[in-house]
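Peer 1:
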Ligand SMILES: [Zn+2]
């Protein structure tokens, strides 16, 4: 696996532009939802089982994150908090490359073994987060 920098190729999808637009659009929709004090969606999984799902607490974590209460955001859902941090870093990077025309970061030569390791890591993180949510009793 290799992280490289290169200019955007002709006909290549501009991932930085697309995902920045998706990210900011989603954040704006969430901000409007919270500002309008619309009702929060109920977790069907939690209602049926009494056990939090993988994303329980993500909305409260987002609300705390937007208010700059990062510790509280982490406690509501550590993986959601980590995801929000990653999205914020990506948005900063995407804005910088779009404004300056700088080279884009791309992964290349990802071997099947590396893909397996990355997928396994994601599953472990999801499982660890779920165990935390079940044992932390925040829901
Ligand atoms: Zn849930």
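In this note's numbering, the protein residues as written are 27 to 165. Beta carbons: idealized from backbone N, C-alpha and C, even for Gly. All of these numbers come straight from a predicted model, not from anything done at the bench.
Return the chain-ordered list of same chain residues with a C-beta closer than 8 Å to the C-beta of residue 66, the five sequence neighbours on each side being excluded.
Peer 2: Working through the chain shown from its first residue, we reach residue 66 at position 40. For residue 66, where only same-chain residues beyond five positions count, the Cβ hits under 8 Å are 85.
Peer 1: Expressed to the nearest angstrom, what Euclidean distance is found between the alpha-carbon atoms of residue 54 and residue 62?
Peer 2: For this step, residue 54 is matched to residue 28 along the chain shown. For this step, residue 62 is matched to residue 36 along the chain shown. Each residue's Cα considered, the two are about 12 Å apart.
Peer 1: Restricting to Cα atoms, I'd like to know which of 154, 134, 144 and 146 is closest to residue 28.
Peer 2: What you label residue 28 is simply residue 2 of the chain shown in a count that begins at 1. Ranking the options by Cα distance to residue 28, first place goes to 134.
Peer 1: What are the boundary residues of the alpha helix (DSSP H) that includes residue 151?
Peer 2: The count along the chain shown starts at 1 and reaches residue 151 at position 125. Per DSSP, residue 151 belongs to the alpha helix (DSSP H) from 138 to 162.
Peer 1: Among 113, 34 and 164, which one has its Cα closest to the Cα of residue 51?
Peer 2: Within the chain shown, the letter at position 25 stands for residue 51. If we check each option's Cα against that of residue 51, 113 comes out closest.
Peer 1: My assumption, with CB atoms under 8 Å, is that residue 99 sits in contact with residue 87. Please give the rounded CB distance.
Peer 2: Here residue 99 refers to the residue found at position 73 when the chain shown is read from its first residue. Here residue 87 refers to the residue found at position 61 when the chain shown is read from its first residue. With a Cβ gap of about 5 Å, residue 99 and residue 87 count as contacting.
Peer 1: Starting from the N-terminal end, write out each residue whose C-beta falls within a distance shorter than 7 Å of any non-hydrogen atom of ligand 1.
Peer 2: The filter returns 69, 71, 72, 78, 79, 81 and 82, in chain order.
Peer 1: Can you list, in chain order, the residues of its chain with a C-beta nearer than 7 Å to that of residue 42? Leave out the 5 residues immediately preceding and following it.
Peer 2: Against the chain shown, residue 42 aligns to sequence position 16. Closer than 7 Å at Cβ, skipping near neighbours: 120, 123, 124 and 130.
Peer 1: Can you tell me whether residue 102 is buried or exposed, with buried defined as 16 or more other CB within 10 angstroms of its CB?
Peer 2: Stepping through the chain shown from its first residue, residue 102 is reached at position 76. By the neighbour-count rule (16 or more Cβ atoms within 10 Å), residue 102 is buried.
Peer 1: Note the first and the last residue of the continuous alpha helix (DSSP H) segment covering residue 29.
Peer 2: Locating residue 29 in the chain shown gives position 3, where the first residue counts as 1. Run containing residue 29: none in the alpha helix (DSSP H); it sits in the beta strand (DSSP E), 28 to 32.
Peer 1: Can you tell me which of the three DSSP states residue 68 falls into?
Peer 2: Position 42 of the chain shown, counted from the first residue, corresponds to residue 68. Reduced to three states, the DSSP call for residue 68 is coil.
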